[in-house]
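Quick note on UniProt numbering: the sequence shown kicks off at 1 and runs consecutively.
Quick notes on the structure that follows.
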Amino acid sequence: MVHKKIPVLFNGGRPICESMIIVEYIEETWPHKYPFLPTDPYERAMARFWVKYFEEKGPAIWMVSQTTGDEQVKFKKESLEVLRTIDNHAGTLGKNKFFGGDNIGILDIALGCIAHWTEVIEVVAGVKLFEAHAFPYLHAWTQNFKEVPAIEENLPDCDKMLVLFKRGREKLLASQ
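Below you can see the structure in the form of C-alpha coordinates.
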(Lines of atoms letter the chains of each structure in order from A; the text may use other names.)
(Lines give C-alpha, C1' and ligand atoms only; values in the text may rest on other atoms or scores of the structure.)
Protein backbone atom coordinates (compact mmCIF):
# COMPACT_ATOMS: atom_id res chain seq x y z
CA MET A 1 0.00 0.00 0.00
CA VAL A 2 1.25 3.45 -0.87
CA HIS A 3 0.29 6.12 1.64
CA LYS A 4 0.76 9.81 0.90
CA LYS A 5 3.83 9.30 -1.28
CA ILE A 6 4.72 10.93 -4.58
CA PRO A 7 5.92 10.19 -7.11
CA VAL A 8 4.65 6.67 -7.64
CA LEU A 9 5.50 4.41 -10.55
CA PHE A 10 3.14 1.56 -11.32
CA ASN A 11 4.67 -1.40 -13.14
CA GLY A 12 2.56 -4.50 -13.62
CA GLY A 13 0.00 -3.04 -11.23
CA ARG A 14 2.56 -2.80 -8.43
CA PRO A 15 3.48 0.58 -6.94
CA ILE A 16 7.03 1.79 -6.42
CA CYS A 17 7.43 5.13 -4.65
CA GLU A 18 10.14 7.69 -3.86
CA SER A 19 12.12 9.26 -6.69
CA MET A 20 15.52 7.63 -6.30
CA ILE A 21 14.01 4.23 -5.51
CA ILE A 22 12.05 4.52 -8.75
CA VAL A 23 15.22 5.44 -10.67
CA GLU A 24 17.07 2.43 -9.24
CA TYR A 25 14.08 0.19 -10.00
CA ILE A 26 14.04 1.38 -13.63
CA GLU A 27 17.79 0.82 -13.88
CA GLU A 28 17.55 -2.70 -12.43
CA THR A 29 14.49 -3.64 -14.48
CA TRP A 30 15.78 -2.34 -17.82
CA PRO A 31 19.59 -2.08 -17.31
CA HIS A 32 20.49 -1.97 -21.00
CA LYS A 33 17.86 0.64 -21.85
CA TYR A 34 18.30 2.88 -18.79
CA PRO A 35 21.80 2.45 -17.29
CA PHE A 36 21.61 5.11 -14.57
CA LEU A 37 24.30 3.60 -12.33
CA PRO A 38 27.93 2.99 -13.25
CA THR A 39 29.00 -0.62 -13.86
CA ASP A 40 32.05 -0.31 -11.57
CA PRO A 41 31.05 -1.18 -7.95
CA TYR A 42 33.13 1.66 -6.48
CA GLU A 43 31.62 4.20 -8.87
CA ARG A 44 28.12 2.85 -8.06
CA ALA A 45 28.83 3.34 -4.35
CA MET A 46 30.07 6.90 -4.97
CA ALA A 47 26.99 7.75 -7.04
CA ARG A 48 24.77 6.44 -4.23
CA PHE A 49 26.82 8.39 -1.66
CA TRP A 50 26.27 11.69 -3.51
CA VAL A 51 22.56 10.96 -4.02
CA LYS A 52 22.21 10.33 -0.28
CA TYR A 53 24.22 13.47 0.49
CA PHE A 54 21.84 15.57 -1.59
CA GLU A 55 18.75 13.86 -0.16
CA GLU A 56 19.95 14.75 3.34
CA LYS A 57 21.37 18.24 2.72
CA GLY A 58 19.44 19.49 -0.33
CA PRO A 59 16.19 20.33 1.50
CA ALA A 60 17.94 23.43 2.89
CA ILE A 61 17.58 24.91 -0.61
CA TRP A 62 13.80 24.45 -0.49
CA MET A 63 13.65 25.88 3.03
CA VAL A 64 15.04 29.22 1.82
CA SER A 65 11.66 29.85 0.18
CA GLN A 66 9.72 28.65 3.21
CA THR A 67 11.32 30.90 5.83
CA THR A 68 12.15 34.52 6.64
CA GLY A 69 14.57 36.44 8.83
CA ASP A 70 17.27 34.61 10.78
CA GLU A 71 15.87 31.24 9.83
CA GLN A 72 16.12 32.08 6.14
CA VAL A 73 19.70 33.33 6.65
CA LYS A 74 20.55 29.99 8.29
CA PHE A 75 19.05 27.98 5.38
CA LYS A 76 20.76 30.22 2.83
CA LYS A 77 24.12 29.54 4.49
CA GLU A 78 23.41 25.78 4.53
CA SER A 79 22.28 25.91 0.89
CA LEU A 80 25.43 27.68 -0.23
CA GLU A 81 27.54 25.06 1.54
CA VAL A 82 25.61 22.25 -0.19
CA LEU A 83 26.01 23.93 -3.57
CA ARG A 84 29.73 24.56 -2.90
CA THR A 85 30.28 20.91 -1.98
CA ILE A 86 28.48 19.69 -5.09
CA ASP A 87 30.32 22.24 -7.24
CA ASN A 88 33.63 20.93 -5.90
CA HIS A 89 32.55 17.40 -6.79
CA ALA A 90 31.44 18.58 -10.24
CA GLY A 91 34.92 19.98 -10.70
CA THR A 92 36.23 16.41 -10.71
CA LEU A 93 34.19 15.47 -13.78
CA GLY A 94 36.92 16.46 -16.20
CA LYS A 95 35.54 16.52 -19.73
CA ASN A 96 32.33 14.69 -18.81
CA LYS A 97 29.14 16.66 -19.32
CA PHE A 98 27.27 14.83 -16.58
CA PHE A 99 27.90 13.15 -13.24
CA GLY A 100 26.98 9.94 -15.08
CA GLY A 101 29.71 10.52 -17.70
CA ASP A 102 28.57 11.16 -21.25
CA ASN A 103 24.99 10.25 -20.34
CA ILE A 104 22.68 11.26 -17.54
CA GLY A 105 23.02 9.04 -14.47
CA ILE A 106 21.31 8.70 -11.11
CA LEU A 107 23.13 11.66 -9.54
CA ASP A 108 22.20 13.89 -12.46
CA ILE A 109 18.57 12.95 -11.91
CA ALA A 110 18.82 13.55 -8.16
CA LEU A 111 20.35 16.98 -8.72
CA GLY A 112 17.97 17.90 -11.54
CA CYS A 113 15.94 20.17 -9.28
CA ILE A 114 18.95 22.47 -8.93
CA ALA A 115 18.90 23.02 -12.68
CA HIS A 116 15.40 24.45 -12.82
CA TRP A 117 13.80 24.96 -9.42
CA THR A 118 16.56 26.97 -7.76
CA GLU A 119 15.93 30.08 -9.82
CA VAL A 120 12.23 29.95 -8.91
CA ILE A 121 13.14 29.61 -5.23
CA GLU A 122 15.45 32.63 -5.56
CA VAL A 123 12.74 34.83 -7.09
CA VAL A 124 10.07 33.78 -4.60
CA ALA A 125 12.34 34.16 -1.56
CA GLY A 126 14.15 37.25 -2.83
CA VAL A 127 17.50 35.57 -2.19
CA LYS A 128 20.35 34.85 -4.61
CA LEU A 129 21.83 31.34 -4.24
CA PHE A 130 23.07 29.92 -7.50
CA GLU A 131 25.39 32.40 -9.15
CA ALA A 132 27.44 31.16 -12.09
CA HIS A 133 30.69 32.77 -10.91
CA ALA A 134 30.38 31.15 -7.47
CA PHE A 135 29.58 27.67 -8.78
CA PRO A 136 31.16 27.41 -12.23
CA TYR A 137 31.20 23.61 -12.53
CA LEU A 138 27.67 23.16 -11.26
CA HIS A 139 26.50 25.97 -13.52
CA ALA A 140 28.11 24.30 -16.58
CA TRP A 141 26.52 20.99 -15.57
CA THR A 142 23.13 22.75 -15.27
CA GLN A 143 23.40 24.10 -18.81
CA ASN A 144 24.34 20.65 -20.18
CA PHE A 145 21.52 19.00 -18.23
CA LYS A 146 18.84 21.43 -19.41
CA GLU A 147 19.93 21.00 -23.06
CA VAL A 148 19.19 17.25 -23.12
CA PRO A 149 16.03 16.95 -25.25
CA ALA A 150 14.20 14.64 -22.80
CA ILE A 151 14.87 17.11 -19.97
CA GLU A 152 14.21 20.29 -21.96
CA GLU A 153 10.89 18.97 -23.28
CA ASN A 154 9.66 18.04 -19.81
CA LEU A 155 10.70 20.98 -17.66
CA PRO A 156 7.74 22.72 -16.05
CA ASP A 157 6.96 26.28 -17.13
CA CYS A 158 8.85 28.77 -14.91
CA ASP A 159 6.02 31.31 -14.87
CA LYS A 160 3.53 28.70 -13.64
CA MET A 161 6.02 27.49 -11.04
CA LEU A 162 6.51 31.07 -9.82
CA VAL A 163 2.76 31.54 -9.34
CA LEU A 164 2.49 28.22 -7.49
CA PHE A 165 5.50 28.87 -5.25
CA LYS A 166 4.49 32.46 -4.47
CA ARG A 167 1.02 31.32 -3.44
CA GLY A 168 2.48 28.54 -1.30
CA ARG A 169 4.93 30.89 0.40
CA GLU A 170 2.22 33.46 1.11
CA LYS A 171 -0.05 30.81 2.68
CA LEU A 172 2.78 29.38 4.75
CA LEU A 173 3.97 32.73 6.04
CA ALA A 174 0.41 33.88 6.78
CA SER A 175 -0.17 30.78 8.92
CA GLN A 176 2.88 31.42 11.13
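No residue lacks a Cβ here, since even glycine has one placed at the ideal position from N, Cα and C.
Query, Result
"Please report how far the alpha carbon of V23 lies from the alpha carbon of A110, in whole angstroms.", "9 angstroms"
"Applying the criterion that 16 or more other CB atoms from any shown protein chain within 10 Å of the CB defines a buried residue, is I104 buried or exposed?", "buried"
"If the criterion is Cβ atoms closer than 8 angstroms, does the pair L138 and L83 meet it?", "yes"
"Residue range of the alpha helix (DSSP H) that I16 falls in?", "Not the alpha helix (DSSP H): I16 falls in the beta strand (DSSP E), residues 14-17."
"Please classify A115: is it buried, with 16 or more other beta-carbons within 10 angstroms of its beta-carbon, or exposed?", "buried"
"DSSP beta-bridge partners for V8?", "C17"
"As an exercise, report each continuous alpha helix (DSSP H) stretch of at least 4 residues that is fully enclosed by the segment 33-96, in chain order.", "41-57, 59-64, 69-90"
"Counting beta carbon pairs with one atom in the segment 44-59 and one in the segment 80-96, are three or more of them shorter than 8 angstroms?", "yes"
"What does the alpha-carbon distance come out to for the pair N154 and K146?", "10 angstroms"
"Below 8 angstroms CB to CB, which residues in the same chain sit around E27 once its five sequence neighbours on both sides are set aside?", "Y34, P35, F36, L37, I106"
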